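K.L.:
Going letter by letter, the sequence shown gives residues 382 to 761 in the numbering used here.
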Amino acid sequence: MKISIIGSTGSIGRQAIEVIQNMPGFFEVVSLTGGDNIEELKKQIELVKPKNVCVKSEQNAIKLQKEFPKINFLFGDKGLIDIASDRTNERILVSVSGKTGLKPTLAAIENGIDVALANKETLVMAGDIVMRRAREKNVKILPVDSEHGAIHQCLSNRNEVEKLIITASGGPFRTKSIDDIKNATVEETLHHPRWNMGKKITIDSATLMNKGLEVIEAHHLFDMPYEKIQVVVHPQSIVHSAVEYADGSVIAQLGFPSMHIPIQYTLTYPNRFEGIETRSFDFVKAGRLDFEEPDFEKFPCLKLAFAAGREGGTLPVVMNAANEEAVYMFLENKISLWDIYEITNKIMNDHKNISNPSLEEILEQDKIAREITKNQLLGR
Ligand code: MG
382 MKISIIGSTG
392 SIGRQAIEVI
402 QNMPGFFEVV
412 SLTGGDNIEE
422 LKKQIELVKP
432 KNVCVKSEQN
442 AIKLQKEFPK
452 INFLFGDKGL
462 IDIASDRTNE
472 RILVSVSGKT
482 GLKPTLAAIE
492 NGIDVALANK
502 ETLVMAGDIV
512 MRRAREKNVK
522 ILPVDSEHGA
532 IHQCLSNRNE
542 VEKLIITASG
552 GPFRTKSIDD
562 IKNATVEETL
572 HHPRWNMGKK
582 ITIDSATLMN
592 KGLEVIEAHH
602 LFDMPYEKIQ
612 VVVHPQSIVH
622 SAVEYADGSV
632 IAQLGFPSMH
642 IPIQYTLTYP
652 NRFEGIETRS
662 FDFVKAGRLD
672 FEEPDFEKFP
682 CLKLAFAAGR
692 EGGTLPVVMN
702 AANEEAVYMF
712 LENKISLWDI
722 YEITNKIMND
732 HKNISNPSLE
742 EILEQDKIAR
752 EITKNQLLGR
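#1: Does the beta-carbon of Ser-586 have 16 or more other beta-carbons within 10 angstroms, so that it is buried, or is it exposed?
#2: From Ile-610 to Val-596, what does the alpha carbon distance come to, in whole angstroms?
#3: Near His-573, what residues of its chain come up, given a Cβ to Cβ distance below 7 Å and the 5 sequence neighbours on each side ignored?
#4: What separation, rounded to the nearest whole angstrom, lies between the Cα atoms of Pro-431 and Gly-406?
#5: What distance in whole Å lies between the Cβ atoms of Ala-497 and Thr-647, which are believed to be in contact at a cut-off of 8 Å?
#6: Nearest-angstrom Cα distance between Phe-454 and Asn-433?
#7: Run through the DSSP bridge pairs and tell me what Val-612 is partnered with.
#8: Using the Cβ count rule (16 or more neighbours within 10 Å means buried), how would you classify Asp-560?
#9: Going by the beta-carbon positions, is the gap between Ile-510 and Ala-488 smaller than 8 Å?
#10: Select from Lys-480, Ser-392, Glu-471 the residue whose C-alpha is nearest the C-alpha of Glu-706.
#11: Take the Cβ of Val-665 as the centre, count every other Cβ of all protein chains shown within 10 Å, and call the residue buried at 16 or more, exposed below.
#12: Please list, in chain order, all residues of the same chain as Thr-469 whose beta carbon is under 7 Å from its beta carbon, the five residues on each side excluded.
#13: Compare the Cα-Cα distances from Val-525 to each of Ile-644, Asn-492, Glu-399, Ile-753 and report the closest residue.
#14: Compute the Euclidean distance between the alpha carbons of Gln-425 and Glu-608, then round it to the nearest angstrom.
#15: In the DSSP output, what is Glu-673 paired with across the bridge?
#16: Of the choices Glu-568, Ala-442, Phe-680, whose alpha-carbon is the least far from that of Ala-549?
#17: Who are Gln-634's beta bridge partners in DSSP?
#18: In the DSSP assignment, find the beta strand (DSSP E) that holds Phe-456 and state where it starts and stops.
#19: Near Glu-742, what residues of its chain come up, given a Cβ to Cβ distance below 6 Å and the 5 sequence neighbours on each side ignored?
#20: For Ser-332, is the beta carbon positioned less than 7 Å from some heavy atom of ligand 1?
#21: Measure from the alpha carbon of Ile-387 to the alpha carbon of each residue in Gly-656, Leu-422, Leu-428, Met-729, then state which is nearest.
#22: Cutting at 6 Å between CB atoms, please list the residues of its own chain near Ala-515, excluding the five before and the five after it.
#23: Would you say the region 613 to 626 touches the region 538 to 547, given that touching needs at least three Cβ pairs under 8 Å?
#24: Taking 7 Å as the cut-off, does the CB of Glu-409 come closer than this to any heavy atom belonging to ligand 3?
#25: So for Asn-564, helix, strand or coil by DSSP?
#26: Three Cβ pairs or more, each shorter than 8 Å: is that satisfied between the region 435 to 451 and the region 412 to 421?
#27: Would you say the region 721 to 735 touches the region 668 to 686, given that touching needs at least three Cβ pairs under 8 Å?
#28: Could you pull the start and end residues of the alpha helix (DSSP H) that Lys-733 belongs to?
#29: I think Pro-697 touches Val-505, with their Cβ atoms under 8 Å apart; what is that distance to the nearest whole Å?
#30: If you reduce the DSSP assignment to three classes, tell me which class Thr-754 lands in.
#31: Hey, which unbroken runs of the beta strand (DSSP E) at 3 residues or more fall wholly within the region 479 to 527?
#32: Bridge partners for Glu-409 per DSSP, in chain order?
#33: Ligand 1 and Glu-528: does any heavy atom of the ligand fall closer than 7 Å to the residue's C-beta?
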């Protein structure tokens, strides 16, 4: 399988490299792309020997070119698009975070390359456009996220689906009071009980915005109306998600929490192999599995996401942009955790929605919403 990784130095990208190394001879890595983590990228170059590598700056590309003369170095947004468009690839993994994922994903689709998609923003921002082009080009979008990977595995007969059940661990504040959440420090918020992930997604998991983004993604990926998508809090993170059928039967996908498993599934699909952390699942050892209703009062970001998704148009774009910028402001201790909700809510309320937006309109609204969000600080 000839593959490329867009965003190989992040959390998902690094685990994908581990999956690849664990299956010698199965993968040929065509290209890697990384941002500023040059040391990690150098290690990966030695490990998987890609043909092309894209970095952020021209300066770094020139430096690395001298060090690795046999590899073709590219840089910037154009480099990313070139790598994603390269038809040598049979599959690409898009594991960058933020809106950077959108254009390479579309480029791969236009070139008929299947996409293992670990980037949420792509579908939250432009799900209608992305899924339509994927259908037209007969390109598979294989979701890496554990929940969507689970649903993908549970969907055997699409016509008789009653609802999708997306599980949520509940994050670090599941059992905390609303006041505790309002006064949460960055450190407490970054302490996720189940999953070890990047900072942005860890904060989103604490506010449940992450679950909200996943609901919007599920709507696009599986063409499912929002009334038929249910979020259930499941603190053990053993049931990764489920599908209920017309006859009341529920098919769920279970396993111990590890991102290596869903990453490998999307890279080797439709085949399955033993993986890095494969251990036989033991129902007895798993013991009990708890399920509860999400608390929309304590986690109002989840409410925002359902509202944005139902409304459609550019509202999810604006919500995503405002939330992302607000998360960065929280990480810099400029605002409180609760302000992420307050700011995102305000910007959504002020937004004049555009239905059926073009890609240009999406990118423009994204930019405007980010600027407005950063300006919120000035009034404080
Ligand atoms: Mg997830």
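Even glycine gets a Cβ: it sits at the ideal position worked out from N, Cα and C.
Please read all numbers here as calculations on a predicted model, not as lab measurements.
P.N.:
The relevant details are as follows:
#1: On the sequence shown, position 205 is the one that residue 586 refers to. With 16 or more other Cβ atoms within 10 Å, it is buried.
#2: Here residue 610 is taken as the residue at index 229 of the sequence shown, counted from 1. Here residue 596 is taken as the residue at index 215 of the sequence shown, counted from 1. Cα to Cα, Ile-610 sits roughly 7 Å from Val-596.
#3: Taking the first residue of the sequence shown as position 1, residue 573 is located at position 192. For His-573, the CB contacts under 7 Å within the same chain, skipping 5 residues up- and downstream, are Gly-552, Pro-553, Thr-583, Ser-586 in chain order.
#4: As a position in the sequence shown, residue 431 is number 50, starting the count at 1. As a position in the sequence shown, residue 406 is number 25, starting the count at 1. Each residue's Cα considered, the two are about 14 Å apart.
#5: In the sequence shown, counting from the first residue as 1, residue 647 sits at position 266. In the sequence shown, counting from the first residue as 1, residue 497 sits at position 116. That pair is a contact at about 4 Å.
#6: Locating residue 454 in the sequence shown gives position 73, counting from the first residue. Locating residue 433 in the sequence shown gives position 52, counting from the first residue. Going by the C-alpha atoms only, they are around 6 Å apart.
#7: For the purposes of this step, residue 612 is taken as the residue at position 231 of the sequence shown. Ile-547, per the DSSP bridge assignment.
#8: The sequence position of residue 560 within the sequence shown is 179, counting from 1. By the neighbour-count rule (16 or more Cβ atoms within 10 Å), Asp-560 is not buried but exposed.
#9: For the purposes of this step, residue 510 is taken as the residue at position 129 of the sequence shown. For the purposes of this step, residue 488 is taken as the residue at position 107 of the sequence shown. It is not a contact, given that the beta carbons lie outside the stated cut-off.
#10: Here residue 706 refers to the residue found at position 325 of the sequence shown. Closest in C-alpha terms to Glu-706, from the list Lys-480, Ser-392, Glu-471, comes Lys-480.
#11: Start at 1 with the first residue of the sequence shown, and residue 665 comes out as number 284. Answer is exposed; the Cβ neighbour count stays below 16.
#12: The count along the sequence shown starts at 1 and reaches residue 469 at position 88. For Thr-469, where only same-chain residues beyond five positions count, the Cβ hits under 7 Å are Lys-383, Val-411.
#13: Counting from one through the sequence shown, the residue named residue 525 turns up at place 144. Of Ile-644, Asn-492, Glu-399, Ile-753, the residue nearest in Cα terms is Ile-644.
#14: Taking the sequence shown and counting its residues from 1, the one referred to as residue 425 is at position 44. Taking the sequence shown and counting its residues from 1, the one referred to as residue 608 is at position 227. Counting only the Cα atoms, Glu-608 lies some 43 Å from Gln-425.
#15: For the purposes of this step, residue 673 is taken as residue 292 along the sequence shown, with counting starting at 1. Bridge partners of Glu-673: Val-614.
#16: Start at 1 with the first residue of the sequence shown, and residue 549 comes out as number 168. Of the listed residues, the one whose Cα sits closest to Ala-549 is Phe-680.
#17: Counting from 1 along the sequence shown, the entry for residue 634 is found at position 253. Answer is Ser-622, bridged to Gln-634.
#18: As a working mapping, residue 456 is identified with position 75 in the sequence shown. That run of the beta strand (DSSP E) goes 453 to 456.
#19: As a working mapping, residue 742 is identified with position 361 in the sequence shown. Cβ neighbours of Glu-742 beyond the five flanking positions: Ile-735.
#20: It is not possible to answer for residue 332, since the shown part of the chain is limited to 382 through 761.
#21: Sequence index remark: in the sequence shown, residue 387 carries index 6 (1-based). Nearest C-alpha to Ile-387: Leu-422.
#22: Sequence index remark: in the sequence shown, residue 515 carries index 134 (1-based). Only Ile-490, Ile-522 meet the Cβ criterion.
#23: yes
#24: Ligand 3 is absent from the structure shown, which contains only ligand 1.
#25: If you number the sequence shown from 1, residue 564 lands on position 183. The answer is coil: DSSP assigns Asn-564 none of H, G, I, E or B.
#26: yes
#27: Verdict: yes, contact present.
#28: Numbered from its first residue, the sequence shown carries residue 733 at position 352. Neither: Lys-733 is in no alpha helix (DSSP H) and is coded neither H nor E.
#29: Indexing the sequence shown from 1 puts residue 697 at position 316. Indexing the sequence shown from 1 puts residue 505 at position 124. With 8 Å as the limit, Pro-697 and Val-505 qualify as a contact, their Cβ atoms being about 5 Å apart.
#30: Within the sequence shown, the letter at position 373 stands for residue 754. In this structure, Thr-754 counts as helix in the three-state DSSP scheme.
#31: 495 to 498, 522 to 524
#32: As a first step, residue 409 is located in the sequence shown; it is residue number 28 there, counting from the start. When beta bridges are read from the DSSP output, Glu-409 appears opposite Lys-383.
#33: As a working mapping, residue 528 is identified with position 147 in the sequence shown. Yes, the beta carbon of Glu-528 sits closer than 7 Å to at least one heavy atom of ligand 1.
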